[in-house]
Amino acid sequence: MPKALFAPQALLPDGWAEQVLIETDARGMITRVTRGAEAPAGAEHCHGPVLPGMPNLHSHAFQRAMAGLAEVALNPEDSFWTWRDLMYRLVGRLTPDQVQAIARYLYIDMLKGGYTAVAEFHYLHHDQNGRPYADPSEMSQRVLAAAEGTGIAITLLPVMYAHGGFGGKDPSDGQRRFIHTTDQYLKLQEKLAAFCAKPGRRLGFCFHSLRAVTLDEIKAVMASTDDDRPVHVHIAEQQKEVEDCLAWSRRRPIQWLYDNVDVDDRWCLIHATHAEPDEVAAIVKSRAIAGICPTTEANLGDGLFPAVSFVDQGGRLGIGSDSHVSLSVVEELRWLEYGQRLKHERRNRLHGPNTKHVAGYLYRAALDGGAQALGQKMGAIAPGHRTDLVVLDGQHPLLAHVGGDDILGRWLFAGLNRMVKDVMVGGQWVVQDGRHADEIEAGRAFAAAVKAAI
Ligand code: ZN
């Protein structure tokens, strides 16, 4: 059904506007936006400031099952690598039913936190023994079904994972559920292409990391199609990864990638934490997205991406919730900025040439970067974009007497998830008055799945 939505204030591509009429078609795409409009009879009224919904550019859905359970100091050298051992133990047990139940509740929480689309970096493909399921796309189908049931849009990124270390090392036993040959991977992509050719879905390529694939494998995958599907990779998250890459190739990971592969605006470099100035400049020049996951990077003790220098040079970025210790647009954007404040011992670090307003810059940058990384027409209240909207609580006292980017400042630096009142994806309300219709039942199924799995 076509819709007419009326917003008292809305964030449009060229700035905030008042009395905005947003019209959509039956497929949930925006057809017309009119500012200073009268509300026509039958229009649905939004009771608060309306923003484009935020893309979440990095998710490993199953990791939500262990979020908050790895915060125990068992080893003085606790790091990403000791956390990864715990994560592999969980991975060894999960069934398709459990993965679907975990992803379903996760996606509901994402919607409630202001995310309207997710890029699922999906590497748990095979059964507990490392054998493909009867349908090798079984686990991917479960993730797609979870997304569809909750209403969140998805870019599915089936992961190519072939090796356990730089230079084509054999994978470890803990990685047996992830592994594909190039042929198996391309068959999986071919099969999933048909399932992803519908509204609210997109398919992309994904390399787990430079530890997990060889250059020949990257080239074979990239040469398999000439369409413009997005390409994601974990890169330079950890110092040890940088040291191992140097020992193997005498290049740092980002250097190696740019020396060997034609990286362009289809690419999203997840983390890119340990980037030297020449690497930062290369990412900016390529127009690739830096996929920053501030709460996970903090949780895992990864380090801080050089965001000030990157943004000053015009770099493009987006945010992801990755291991899902937080499902909040507020926390990711706030900690993206706060990390830089703590590092530089200064305030107001991240802003653009056209706006000195930090929250205004961060929200817009993550919308644009996220939409590019997911390869979907979203992230703007404008004709031709999907109607993905977040309505903030216009009755909240902190929002009552502010306008323009101060709305974003209040929400992102002094607010919480509960300021998100209503959420729409593709023209359908999926969260109303802070609630998703399936949240209680999905929460019970999540708890049962986690109890059985850990
Ligand atoms: Zn990740």
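Adding 9 to a residue's 1-based position in the sequence shown gives its number in this note's numbering. Backbone N, C-alpha and C define an ideal beta-carbon position, used for all residues, glycine too.
> The beta strand (DSSP E) with V400 in it runs from where to where?
Replying inline: Within the sequence shown, numbered from 1, the residue matching residue 400 stands at position 391. Here the beta strand (DSSP E) through V400 covers L398 to L401.
>> In this structure, how does DSSP classify E450 when only helix, strand and coil are distinguished?
In response: By one-based count along the sequence shown, residue 450 stands at place 441. The answer is helix: DSSP assigns E450 an H, G or I state.
> For H69, is the beta carbon positioned less than 7 Å from some heavy atom of ligand 1?
Replying inline: Position 60 of the sequence shown, counted from the first residue, corresponds to residue 69. Within the cutoff, so yes.
>> Looking at the strands, I want to know which residues DSSP matches up with W438.
In response: Along the sequence shown, read from residue 1 onward, the residue named residue 438 stands at position 429. Under DSSP, the beta-bridge partners assigned to W438 are M433.
> Is the distance from the Cβ of P392 to the Cβ of V42 below 8 Å?
Replying inline: On the sequence shown, residue 392 is found 383 positions in, with the first residue counted as 1. On the sequence shown, residue 42 is found 33 positions in, with the first residue counted as 1. For P392 and V42, yes; Cβs fall inside 8 Å.
> Excluding the five sequence neighbours on either side, which residues of its own chain have a C-beta within less than 8 Å of the C-beta of V289, listed in chain order?
Replying inline: Looking up residue 289 in the sequence shown gives position 280. Same-chain partners within the cutoff: P315, S318, F319, Q322 and G324.
> Going by other Cβ atoms of all chains shown within 10 Å of its Cβ, with 16 needed for buried, is M10 buried or exposed?
Replying inline: The residue labelled residue 10 in the question sits at position 1 within the sequence shown. Exposed.
> Are the region 390-407 and the region 32-41 touching by the rule of at least three beta carbon pairs closer than 8 Å?
Replying inline: Enough Cβ pairs lie closer than 8 Å, so yes.
> In the structure shown, what three-state DSSP assignment does M63 receive?
Replying inline: Taking the first residue of the sequence shown as 1, we reach residue 63 at position 54. DSSP places M63 in strand when its eight states are reduced to three.
>> Just to confirm before moving on: does the CB-CB distance between V108 and M75 stay below 8 Å?
In response: Along the sequence shown, read from residue 1 onward, the residue named residue 108 stands at position 99. Along the sequence shown, read from residue 1 onward, the residue named residue 75 stands at position 66. Going by C-beta atoms, V108 is not nearer than 8 Å to M75.
> Mind checking W90: buried by the 16 CB within 10 Å criterion, or exposed?
Replying inline: In the sequence shown, counting from the first residue as 1, residue 90 sits at position 81. Classification of W90: exposed, given that the 10 Å Cβ count is below 16.
>> Between I279 and ligand 1, is there a pair consisting of the residue's CB and a ligand heavy atom that are separated by less than 7 Å?
In response: Residue 279 sits at position 270 when you count from the first residue of the sequence shown. Taking 7 Å as the cut-off, one finds at least one heavy atom of ligand 1 near enough to the beta carbon of I279.
>> Using a Cβ-Cβ distance cut-off of 8 Å, determine whether R444 contacts chain B.
In response: Annotation note: the requested chain B is absent from the structure, which comprises a single protein chain.
> Which ranges would you report for the beta strand (DSSP E) in the region 135-222 if only whole runs of at least 3 residues count?
Replying inline: Runs found: 162-167, 210-212 and 214-216.
> When every heavy atom of ligand 1 is checked, does at least one fall within less than 7 Å of the C-beta of H243?
Replying inline: Residue mapping note: residue 243 aligns to position 234 of the sequence shown, counting from 1. H243 Cβ: within cutoff of ligand 1.
>> Taking the straight line between their C-alpha atoms, what separation do you get for Q72 and E450?
In response: Numbered from its first residue, the sequence shown carries residue 72 at position 63. Numbered from its first residue, the sequence shown carries residue 450 at position 441. Cα to Cα, Q72 sits roughly 20 Å from E450.
> Is the beta carbon of D182 within less than 7 Å of some heavy atom of ligand 1?
Replying inline: Here residue 182 refers to the residue found at position 173 when the sequence shown is read from its first residue. For D182, the distance from the CB to the nearest heavy atom of ligand 1 is not below 7 Å.
> In its own chain, which residues sit with a C-beta less than 7 Å from the C-beta of S88, not counting the 5 before and 5 after it?
Replying inline: Walking along the sequence shown from the start, residue 88 turns up at place 79. G310.
>> Under DSSP, the alpha helix (DSSP H) around P262 begins and ends at which residues?
In response: As a first step, residue 262 must be located in the sequence shown, where it is residue number 253. For P262, the enclosing alpha helix (DSSP H) has its first and last residue at P262 to N269.
>> I'd like the ranges of any beta strand (DSSP E) spanning at least 3 consecutive residues and lying wholly in the region 263-320.
In response: As far as the region 263-320 is concerned, its whole beta strand (DSSP E) runs of at least 3 residues are 276-280 and 298-301.
>> Do A245 and T282 have their beta-carbon atoms positioned less than 8 Å apart in this structure?
In response: What you label residue 282 is simply residue 273 of the sequence shown in a count that begins at 1. What you label residue 245 is simply residue 236 of the sequence shown in a count that begins at 1. Yes; because the gap between Cβ atoms is below 8 Å, this pair is in contact.
> Going by other Cβ atoms of all chains shown within 10 Å of its Cβ, with 16 needed for buried, is Y142 buried or exposed?
Replying inline: Locating residue 142 in the sequence shown gives position 133, where the first residue counts as 1. Exposed: under 16 other Cβ atoms inside 10 Å.
> Applying the criterion that 16 or more other CB atoms from any shown protein chain within 10 Å of the CB defines a buried residue, is V81 buried or exposed?
Replying inline: Mapped onto the sequence shown, residue 81 falls at position 72. With fewer than 16 Cβ atoms within 10 Å of its Cβ, V81 is classed as exposed.
> Of the choices L376, R419 and W420, whose alpha-carbon is the least far from that of P64?
Replying inline: In the sequence shown, residue 64 corresponds to position 55, counting from 1. The residue among L376, R419 and W420 with its C-alpha nearest the C-alpha of P64 is L376.
>> Is any non-hydrogen atom of ligand 3 found closer than 7 Å to the C-beta of D331, if you look at the structure I gave you?
In response: Questions concerning ligand 3 fall outside what the structure shown contains, since the ligands it does hold are ligand 1.
> Grouping DSSP H, G and I as helix and E and B as strand, with all else coil, what is I390?
Replying inline: Translated into positions along the sequence shown, residue 390 becomes position 381. Note: I390 maps to coil in three-state DSSP.
> Per DSSP, K12 is paired with what?
Replying inline: Position 3 of the sequence shown holds residue 12. According to DSSP, K12 bridges with T33.
> Is the region 91-102 touching the region 146-162, taking contact as three or more C-beta pairs under 8 Å?
Replying inline: As far as the Cβ criterion goes, the region 91-102 does not touch the region 146-162, which means the pair count is below three.
>> Going by DSSP in three states, E27 sits in which element: helix, strand or coil?
In response: Sequence index remark: in the sequence shown, residue 27 carries index 18 (1-based). In this structure, E27 counts as strand in the three-state DSSP scheme.
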